[in-house]
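If you read the sequence shown in the numbering used here, its first letter stands for residue 7, the second for the next number, and so on. Every residue gets a Cβ at the ideal spot worked out from N, C-alpha and C, and that includes glycine. These figures come from a predicted structure and were not determined experimentally.
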Amino acid sequence: MPSSERRALNDWPTQSCAGNELALFNNCYEVRGYGQYHQFNKACGGSVKPHSVESQLEASWLAYFLGDGNPEVWIANGEALDYYEEIKPVKQKMKRKHIKKYGEYKGPAPVKLRMKQLSDGLQRGQAIFAHPNESHSFLCSKSGVYLKQGIEHLVSEAEKLDFDIKQLFDNNGLPRPFIRFNWVQPVQATKYDADITKMHEICRVFVNGYVASRFDFQNDTEYQKIFQANTRAFKVFRVPIKRHKSVTVDPFCPDATAAKRAEFKNTMQKRFSYITIGGNMSTVPVEHWQSEFPKNLCADTPRITVAMTPKGYRDYPAITRLPVLCTFGNPPNLKTRPEDSICPKGAHYDSKKQQCQCNDPNTDGRKVDPESFGHLPEVS
């Protein structure tokens, strides 16, 4: 075992996982399917998502409990390596027959987790860079749903510290606690790219804490209650959403025409993504935006971040100082959004250039008709 047991306590259940799932670290884990890395999302399906391992302790326990019959499993750490600093994948020495079987691969490498100690000397629980054409089982997970008693216990503990907590119903129909932090802060960013994952850190003092968004409310009635409950001046909160860094568009100064703003809104709504605490992207529902937004209105710096108001989402510069709304207990169970999904039909995502590219360069409107489309990003 990764550690020895010192004390065990019997108490009422706080979380719920299915009978075929492993309940551990506030998650429900399951090893599914067998195949190449690109099949990860399909293998996990709609109810669970590809899992990113956060710590070496978690990796060790997963290998201990799920190692039987699974020498190695795919994990979703490839895009979140900078955030989970404890997980440091190593390069596996490629044997000649291995290269002959899978071919040379020089792109960003996906990651697998060693579940059993094999003859190459790598320990179980070790993350390893792998060839995407290798075949392994897939490690999937969903958040362990806190039962009513568990939520009540978490709230009572937080209230002992004099936090002002509002409980509303979330998108699963379960009570969810929200805490308003009315001090303001900017978001760290370069000109066109915001570091949203660090924004979540203010909420991590709570169990499964993260910055809340419109997604966390059951419906608009519950959503409006958080603004009615806020008796102070603030009627706007930052949300963990940012514009894709490939969109190098400056604010419209002087203000754009209504037609240009409408064109920008229709083009850009797809380019904003929810950023999870693990650094993965998830789709932003169109209905969560305030009417006519994002507008990219005149500002000192590009409007690459988002805040929520009683009327919906609005785009803001990263330097704008705004309060945040924290939530905790049950994490959001969001499906990871592939980079390709930000691109329109007739285009693909170039991971090296980190932007959308036309499948046929001769159909690029910026080059064919720069007067009409030159103000838009590379591919819109």
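When the options are compared against residue i, the one with the closest alpha-carbon
i	options	result
Gln45	Asn139, Lys154, Val213	Asn139
Pro338	Thr282, Leu303, Val290, Thr263	Thr282
Ile310	Val190, Val245, Val330	Val245
Pro183	Phe212, Phe334, Phe243	Phe334
Asn76	Ser61, Lys118, Ser162	Lys118
Lys122	Phe212, Leu68, Lys266, Gln234	Leu68
Phe31	Gln62, Tyr43, Gln42	Gln62
Thr203	Val211, Tyr216, Gln191	Tyr216
Lys248	Asn83, Arg210, Lys197	Lys197
Ala268	Val96, Leu303, Gly352	Leu303
Val242	Glu163, Tyr322, Asn272	Tyr322
Gln224	Pro181, Asn214, Ala265, Val161	Pro181
Ile325	Asp201, Phe278, Asp366	Asp201
Leu166	Gln129, Phe212, Asn188	The question names Leu, yet the displayed sequence has Lys at residue 166. Checked all of Gln129, Phe212, Asn188; the closest Cα to Lys166 is Phe212.
Tyr70	Glu163, Leu28, Ser149, Tyr43	Leu28
Ala264	Ala82, Val253, Gly51, Phe299	Phe299
Ser288	Asn47, Leu160, Ala24	Asn47
Leu160	Ala136, Ile185, His137, Thr307	Ile185
Cys349	Asp306, Ala313, Arg277	Arg277
Thr369	Gln361, Gly352, Asp356	Gly352
Thr254	Ser162, Met274, Lys266	Met274
Phe135	Tyr43, Phe169, Val151, Glu163	Tyr43
Length of the line joining the Cα atoms of residue i and residue j
i	j	result
Glu228	Ala218	13 Å
Ala195	Asp126	42 Å
Ser53	Val37	13 Å
Asp199	Gly179	34 Å
Ile232	Gln173	9 Å
Ile93	Asn286	16 Å
Leu328	Asn188	8 Å
Asn272	Ile81	35 Å
Lys373	Pro367	9 Å
Pro192	Met205	9 Å
Cys50	Gly41	12 Å
Val96	Cys34	27 Å
Lys148	Asn83	15 Å
Gln361	Leu153	42 Å
Arg120	Asp74	12 Å
Tyr280	Gly39	28 Å
Ser66	Arg130	7 Å
Ala305	Asp256	9 Å
Ser386	Asn26	With a pLDDT of only 45 at Ser386, under 50, the local geometry of the prediction cannot be trusted, and the value read off the model is given with reservation. One C-alpha to the other measures close to 44 Å.
Leu128	Gly371	51 Å
Gln234	Cys209	22 Å
His250	Val290	12 Å
Residue environment, residue i, which counts as buried when at least 16 other CB atoms sit within 10 Å
i	result
Lys301	buried
Gln132	buried
Asp176	buried
Val79	buried
Trp18	Unreliable placement is indicated for Trp18, whose pLDDT of 48 sits below 50; no coordinate value is reported for it.
Glu64	buried
Leu6	The chain is shown only over 7 to 386; residue 6 falls outside these bounds and no answer can be derived.
Asp222	buried
Ser22	exposed
Pro376	exposed
Ala24	exposed
Pro308	buried
Asn214	buried
Leu331	buried
His354	exposed
Cys259	exposed
Pro116	buried
heavy atom of the ligand ATP below 6 Å from residue i C-beta
i	result
Phe184	The ligand content of the structure shown is nil, which means the ligand ATP is not present either.
Neighbour flag for residue i against chain C, beta carbons, 7 Å
i	result
Ala29	Here there is only one protein chain, and chain C is not present.
I'd like to know if the stretch 141 to 150 and the stretch 50 to 66 are in contact, where contact means that at least 3 CB-CB pairs between them fall below 8 Å. yes
Could you tell me whether the stretch 287 to 295 touches the stretch 313 to 323, using the rule of 3 or more Cβ pairs below 8 Å? yes
Report the start-end ranges of each alpha helix (DSSP H) in the stretch 244 to 312 that is 4 residues or longer and not cut off at the edges. 264 to 274
Complete beta strand (DSSP E) runs within the stretch 25 to 90 (minimum length 3 residues, chain order): 28 to 30, 33 to 41, 78 to 81
Complete alpha helix (DSSP H) runs within the stretch 190 to 236 (minimum length 4 residues, chain order): The qualifying runs are 226 to 234.
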